[in-house]
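*Asks:* Here our numbering is used: the first residue of the sequence shown is 32, the next is one more, and so on.
Once you've had a glance at the structure underneath, I'll fire off some questions.
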Amino acid sequence: MGTEGELYYWDYLGLDALLASQQPISGGEGEPAHDEMLFIIVHQCFELWFKQILVELDDAVGTMHADTVPEKEMGRVVDRLDRIIAIQRLLTGQLEVLETMTPLDFLDFREQLAPASGFQSVQFRLVENRLGLDPEQRLTIAGASYTDVMSDEHRRMIEETERAPNLRDAIDRWLARTPFLRFGDFDFWAAYREAVDAMLERERAKVSEHPNLDDASRDEQLQAVEESAAQFETLFDAEQYERLRERGHRQLSQDAFCAALLISLYRDEPLFQLPFRLLTAVTDIDEGFAAWRYRHALLAHRMIGGKVGTGGTAGHTYLEAAARKHRVFRDLFDLPTFFVPRSALPELPAEVREQLSFRYESAPA
Ligand code: HEM
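And the structure:
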């Protein structure tokens with residue numbers, strides 16, 4: 032306590048509680064294993080940053096989940112998401128500090144940790160659910176739910192967030208409301224389809240007329256063009272799109288996916304710039320978590336080799352599988368499949384361009 036009545040740094044930051052919260056369990060009555068303190072502190076830093084990520088996510092979801100999202104609030108949402116991206120970079124880097132512990136040093140206290148594990152990180156599960164990780168998509172361990180390892184209170188808390196608004200659903204709804212997909216006489220999809228057909232025709236001709244291809248390679252390449260044409264068809268055909276969704280190959284609704292495509296293709300238009308930044312931010316966040324998961328799987332591999340985890344999973348092979356499967360915005364990574372070069376894009380009619388400009392730009396001089 033500093034001078035009576037004045038705010039004191041130590042108290043403000045709750046350092047009594049914070050700095051008394053590192054309690055090694057190794058060593059019994061004797062000296063604890065030297066590296067256990069590092070192990071605890073690194074995990075605690077992660078949990079603090081998870082807490083901050085949840086604060087940012089709650090705010091972003093709160094805004095994006097509304098029936099209308101005022102343009103001026105979008106910039107704030109992007110700021111929140113950018114902050115999460117900055118934190119993620121830090122998190123991945125922090126694993127390096129833990130890697131100064133050798134596997135043998137870890138073994139000095141590892142056996143005492145079971146059955147506790149990062150698998151029980153409640154906040155990590157809250158982050159996943161707040162982002163919109165589909166419960167159906169989760170890997171199961173021996174048929175058990177990921178919440179089975181939690182206390183009753185934590186299980187309830189996590190399961191509630193499976194049903195609460197999440198970022199992916201909020202972005203889906205917001206994208207699906209995007210205007211400009213049809214504007215007066217201008218039907219974007221008809222124009223885009225024409226551009227795609229022309230591009231595929233050019234590709235077929237290029238392969239057919241290529242002087243250096245033998246018949247087998249030509250057939251193979253023509254087959255690839257037809258596969259690409261079939262992919263485009265899933266975009267245009269509502270039933271095919273829905274079938275992909277049922278099989279888990281698409282997560283966004285068809286309207287939302289198409290709006291994301293429109294925004295990405297015409298991102299240079301002033302009114303699409305902020306929506307494009309938002310899509311880029313959630314793509315970065317998905318990539319950031321995937322990168323963290325792969326990085327953590329490598330850390331687990333070098334620390335425990337092929338041993339099972341203290342939480343009872345197969346260890347690093349489980350973590351690698353989760354890194355591949357537990358993705359939230361995979362659709363945005365698939366979008367470029369449907370890109371056509373700028374030079375081949377349908378030109379937007381003047382009245383659409385005007386609507387997509389900032390007013391002071393389009394006002395007559
Ligand atoms: C020596 C260092 C570490 C090792 C050997 C390790 C190992 C593992 C293993 C094997 C799992 C799978 C679950 C299990 O069977 O236990 C796991 C899960 C997990 N660990 Fe670690 N870990 C380490 C450090 C960390 C750190 C620093 C964090 C930061 C919070 C962390 C967070 C997590 C999370 C969130 C999961 C659940 C991942 C998922 O289910 O997708 N781990 N860890």
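Idealized CB from N, CA, C, for every residue including glycine.
Does the ligand HEM have even one heavy atom less than 8 Å from the beta-carbon of Ser152?
*Replies:* Taking the sequence shown and counting its residues from 1, one reaches residue 152 at position 121. For the ligand HEM, at least one heavy atom lies less than 8 Å from the Cβ of Ser152.
*Asks:* Are the Cβ atoms of Ile189 and Met181 separated by less than 9 Å?
*Replies:* Position 158 of the sequence shown, counted from the first residue, corresponds to residue 189. Position 150 of the sequence shown, counted from the first residue, corresponds to residue 181. Against a cut-off of 9 Å, the Cβ pair of Met181 and Ile189 comes out as a contact.
*Asks:* Closest by CA to Arg156, which one among Ala145, Glu142, Asp179?
*Replies:* In the sequence shown, the residue the question calls residue 156 occupies position 125. With distances taken between Cα atoms, Arg156 lies closest to Asp179.
*Asks:* Apart from the five residues just before and just after Val359, which ones in its own chain have a Cβ nearer than 7 Å to its Cβ?
*Replies:* Residue numbering aside, residue 359 sits at position 328 when the sequence shown is read from its first letter. Leu162, Gly163, Leu164, Arg199, Asp317, listed in sequence order.
*Asks:* Is it a yes or a no for the region 85-99 touching the region 123-137, going by three-plus beta-carbon pairs under 8 Å?
*Replies:* Short answer: they don't touch.
*Asks:* I'd like to confirm the pairing. Which residues does DSSP put opposite Ala175 in its beta bridges?
*Replies:* Working through the sequence shown from its first residue, we reach residue 175 at position 144. In DSSP, Ala175 forms a bridge with Ile172.
*Asks:* Mind checking whether Leu310 and Ser295 have CB atoms under 9 Å apart?
*Replies:* Start at 1 with the first residue of the sequence shown, and residue 310 comes out as number 279. Start at 1 with the first residue of the sequence shown, and residue 295 comes out as number 264. Closer than 9 Å, so yes.
*Asks:* Pull up the DSSP beta-bridge partners for Asp218, would you.
*Replies:* Against the sequence shown, residue 218 aligns to sequence position 187. Looking at the DSSP assignment, Asp218 forms a beta bridge with Arg213.
*Asks:* I'd like to check one pair, Gln53 with Ile71: are the Cβ atoms closer than 9 Å?
*Replies:* Mapped onto the sequence shown, residue 71 falls at position 40. Mapped onto the sequence shown, residue 53 falls at position 22. Cβ distance < 9 Å, so Ile71 and Gln53 count as in contact.
*Asks:* Where do the N-terminal and C-terminal ends of the alpha helix (DSSP H) with Tyr297 fall, by residue?
*Replies:* As a working mapping, residue 297 is identified with position 266 in the sequence shown. Unbroken run through Tyr297: none, as it is neither H nor E.
*Asks:* So Pro377 and Tyr223 are in contact, right, with Cβ under 8 Å, and what is the actual spacing, rounded?
*Replies:* Numbered from its first residue, the sequence shown carries residue 377 at position 346. Numbered from its first residue, the sequence shown carries residue 223 at position 192. About 6 Å separates the two Cβ atoms, so the contact holds.
*Asks:* Using the Cα positions of Arg324 and Gly124, report the straight-line distance between them to the nearest angstrom.
*Replies:* Translated into the one-based positions of the sequence shown, residue 324 becomes position 293. Translated into the one-based positions of the sequence shown, residue 124 becomes position 93. Using only the alpha carbons, I get a separation of about 12 Å.
*Asks:* Check whether the Cβ of His65 lies closer than 8 Å to any heavy atom of the ligand HEM, and answer yes or no.
*Replies:* What you label residue 65 is simply residue 34 of the sequence shown in a count that begins at 1. Outside the cutoff, so no.
*Asks:* Mark Asp66 as exposed unless 16 or more other C-beta atoms lie within 10 angstroms of its C-beta, in which case mark it buried.
*Replies:* As a first step, residue 66 must be located in the sequence shown, where it is residue number 35. The residue is buried, with at least 16 neighbouring Cβ atoms inside 10 Å.
*Asks:* Consult DSSP for Thr133 and reduce its assignment to one of helix, strand or coil.
*Replies:* For the purposes of this step, residue 133 is identified with residue 102 of the sequence shown, where counting begins at 1. Of the three classes helix, strand and coil, the one that applies to Thr133 here is coil, per DSSP.
*Asks:* Indicate the three-state DSSP secondary structure (helix, strand or coil) for Ser148 in the structure shown.
*Replies:* Locating residue 148 in the sequence shown gives position 117, where the first residue counts as 1. Looking at Ser148 - three-state DSSP - the assignment turns out to be coil, as it is neither helix nor strand.
*Asks:* Considering only residues of the region 307-389, which uninterrupted alpha helix (DSSP H) runs meet the minimum length of 4 residues and lie entirely inside it, listed in chain order?
*Replies:* Whole alpha helix (DSSP H) segments, 4+ residues: 347-356, 361-365, 381-386.
*Asks:* Once you ignore the five residues that flank Ile24 on each side, which residues in its own chain have a CB closer than 6 Å to its CB?
*Replies:* The question about residue 24 has no answer here: the residues shown for the chain are numbered 32 through 396.
*Asks:* Thinking C-alpha only, which one of Trp80, Glu257, Pro210, Cys76 is nearest Leu129?
*Replies:* Here residue 129 is taken as the residue at index 98 of the sequence shown, counted from 1. Here the closest residue by C-alpha is Cys76.
*Asks:* So is the beta-carbon of Ile115 under 8 Å away from any non-hydrogen atom of the ligand HEM?
*Replies:* The residue you call residue 115 lines up with position 84 of the sequence shown. No.
*Asks:* Find out if the Cβ-Cβ distance for the pair Val383, Phe214 is shorter than 9 Å.
*Replies:* The residue you call residue 383 lines up with position 352 of the sequence shown. The residue you call residue 214 lines up with position 183 of the sequence shown. Cβ distance < 9 Å, so Val383 and Phe214 count as in contact.
*Asks:* Is Val339 near the ligand HEM, with its Cβ less than 8 Å from a heavy atom?
*Replies:* The residue labelled residue 339 in the question sits at position 308 within the sequence shown. Checking every heavy atom of the ligand HEM against the Cβ of Val339, one is found closer than 8 Å.
*Asks:* Classify Leu46 as buried or exposed, calling it buried when 16 or more other Cβ atoms lie within 10 Å of its own Cβ.
*Replies:* Residue 46 sits at position 15 when you count from the first residue of the sequence shown. Exposed, since its Cβ has fewer than 16 Cβ neighbours within 10 Å.
*Asks:* Can you find a heavy atom of the ligand HEM that lies under 8 Å from the Cβ of His185?
*Replies:* Taking the sequence shown and counting its residues from 1, the one referred to as residue 185 is at position 154. Incorrect: His185 has no Cβ contact closer than 8 Å to the ligand HEM.
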